[in-house]
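Visitor: The structure follows.
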Amino acid sequence: MFFSIVIPTYNRLPILQKCLRALELQELKDITPIQGYEVVLVDDGSTDGTLDWLAEHKDEFPHLRCFEQDHAGPAAARNLGVNKALGDTIIFIDSDLVVLNSFLQAHADALVQGKKKLESNTSDTPKERFFTYGAVINTCNFENPTAEPYKITDFSAAFFATGNVAISKHWLEAAGLFDTGFQLYGWEDLELGVRLKKLGLSLIKCPEAVGYHWHPAFSLQQIPKLIDQEIQRGRMGVLFYQKHPTWEVKMMIQMTWFHRLLWGILSLNGALNEKTMSPFLQWLINLGKPQLALEIARIFLNWYNVKSVYAAYKEMQDK
Numbered sequence: 011m012f013f014s015i016v017i018p019t020y021n022r023l024p025i026l027q028k029c030l031r032a033l034e035l036q037e038l039k040d041i042t043p044i045q046g047y048e049v050v051l052v053d054d055g056s057t058d059g060t061l062d063w064l065a066e067h068k069d070e071f072p073h074l075r076c077f078e079q080d081h082a083g084p085a086a087a088r089n090l091g092v093n094k095a096l097g098d099t100i101i102f103i104d105s106d107l108v109v110l111n112s113f114l115q116a117h118a119d120a121l122v123q124g125k126k127k128l129e130s131n132t133s134d135t136p137k138e139r140f141f142t143y144g145a146v147i148n149t150c151n152f153e154n155p156t157a158e159p160y161k162i163t164d165f166s167a168a169f170f171a172t173g174n175v176a177i178s179k180h181w182l183e184a185a186g187l188f189d190t191g192f193q194l195y196g197w198e199d200l201e202l203g204v205r206l207k208k209l210g211l212s213l214i215k216c217p218e219a220v221g222y223h224w225h226p227a228f229s230l231q232q233i234p235k236l237i238d239q240e241i242q243r244g245r246m247g248v249l250f251y252q253k254h255p256t257w258e259v260k261m262m263i264q265m266t267w268f269h270r271l272l273w274g275i276l277s278l279n280g281a282l283n284e285k286t287m288s289p290f291l292q293w294l295i296n297l298g299k300p301q302l303a304l305e306i307a308r309i310f311l312n313w314y315n316v317k318s319v320y321a322a323y324k325e326m327q328d329k
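Per the working numbering: the sequence shown = residues 11 to 329.
Printed below as a string of structure tokens:
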């Protein structure tokens with residue numbers, strides 16, 4: 011197998027440097043199914059000097075192939091990356107993910123084991139209908155991101171998410187790649203996952219393929235952006251539901267009476283918000299507990315999301 015690691019990036023240069031350097035340090039077994047790999051980076055119109063830095067340091071990254079596009083979002087960037095990829099197997103990661111040196115070998119081993127399991131089941135079809143999903147550990151440790159331990163908040167129940175996944179290029183093309191109609195934040199990868207599931211693909215967990223997702227420690231200055239993301243995610247959630255009007259999708263996008271009741275009660279119908287909770291959140295941050303502050307802030311962030319979902323749904327019905 012030949013891996014094409016597709017990475018969209020937009021104004022992430024400091025952590026992107028760590029991401030790319032980690033991918034150049036991959037260690038493969040003496041006997042491995044990996045015939046080679048490339049890193050396909052798609053710059054989505056960055057304005058932070060990403061392309062200039064890459065040009066200056068191109069000798070440092072022999073596996074890297076770089077492409078650029080006008081700012082069109084991660085769905086379009088990943089589609090361009092897949093179209094340019096030379097490999098038969100695509101690995102999606104984000105540009106703020108730093109992987110271990112065993113990352114590629116772990117995905118390869120899991121794919122081989124999945125194929126062996128398939129071959130032992132003679133009732134299955136000849137095509138390997140599965141993909142591998144690695145572990146993603148969130149960290150705000152920029153200097154040493156891979157030192158972060160696994161936390162219960164790192165658990166993900168997503169079927170297909172582009173933070174750390176390996177899949178045959180054939181199946182991505184069969185599903186139709188990412189829907190570029192998702193212009194705002196959220197859901198384009200999970201929507202593709204629904205289409206992959208309809209093609210009969212299954213998920214193989216690959217916890218040995220570890221990636222560390224870096225983000226800055228939570229601060230009150232981030233709240234306006236986080237609120238805007240939740241509003242965008244709500245609007246894109248309704249687009250997701252339009253394409254796949256199922257109960258499963260309604261649960262995913264929080265468009266149920268349960269979610270409306272839950273976050274309405276927890277936020278006291280919006281009385282607990284970014285203004286009223288700021289002193290408490292800042293107190294937690296001052297105590298050195300920014301992650302706890304963020305988890306508590308999700309009370310009103312989820313309320314913004316639910317309200318956005320229902321507002322967008324009403325707007326859709328009124329058209």
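Backbone N, C-alpha and C fix where the C-beta goes; we use that ideal spot for every residue, glycine too.
Measure the C-alpha to C-alpha separation of K126 and G55 and round it to an integer number of angstroms.
Guide: The straight-line gap from Cα to Cα measures roughly 42 angstroms.
Visitor: Who are the near neighbours of D189 in its chain, counting only those whose CB is closer than 8 angstroms to its CB and skipping five residues on each side?
Guide: Closer than 8 angstroms at the Cβ level, and outside the excluded window around D189, lie A85, E198, E201, L202 and K253.
Visitor: Tell me D98's beta-bridge partners as DSSP assigns them.
Guide: According to DSSP, which records beta bridges pairwise, D98 is partnered with nothing at all.
Visitor: Across the segment 46-55 and the segment 14-31, are there enough close Cβ pairs to call them in contact, namely three or more that are closer than 8 angstroms?
Guide: In short, these stretches touch, since the Cβ pair count reaches three.
Visitor: Do A281 and L291 have their CB atoms nearer than 7 angstroms?
Guide: Result no, Cβ atoms of A281 and L291 do not sit closer than 7 angstroms.
Visitor: Look up H254 in the DSSP assignment and say whether it is helix, strand or coil.
Guide: If DSSP states are grouped into helix, strand and coil, H254 belongs with coil.
Visitor: Taking the alpha helix (DSSP H) that P24 belongs to, which residues open and close that run?
Guide: Unbroken alpha helix (DSSP H) run through P24: L23 to L33.
Visitor: Is it the case that the segment 95-115 contacts the segment 172-179, given that we only count it when at least three CB pairs across the two stretches are under 8 angstroms?
Guide: Touching, per the Cβ criterion.
Visitor: So, T142 versus A167, is the Cβ gap smaller than 7 angstroms?
Guide: Contact flag unset, no.
Visitor: Between H225, K207 and L206, which lies nearest to I147 when the distance is taken from Cα to Cα?
Guide: Of H225, K207 and L206, the residue nearest in Cα terms is H225.
Visitor: Measure the C-alpha to C-alpha separation of L90 and T149 and round it to an integer number of angstroms.
Guide: Computed Cα separation, rounded: 29 angstroms.
Visitor: With Y47 and L114 assumed to form a contact (beta carbons below 8 angstroms), what rounded beta-carbon distance in angstroms separates them?
Guide: The pair is a contact, with the Cβ atoms about 6 angstroms apart (cut-off 8 angstroms).
Visitor: Can you tell me whether S288 is buried or exposed, with buried defined as 16 or more other CB within 10 angstroms of its CB?
Guide: When all chains shown are included, S288 counts as exposed.
Visitor: Which value, in whole angstroms, describes the spacing of the CA atoms of N296 and A303?
Guide: Taking the straight line from one Cα to the other gives about 10 angstroms.
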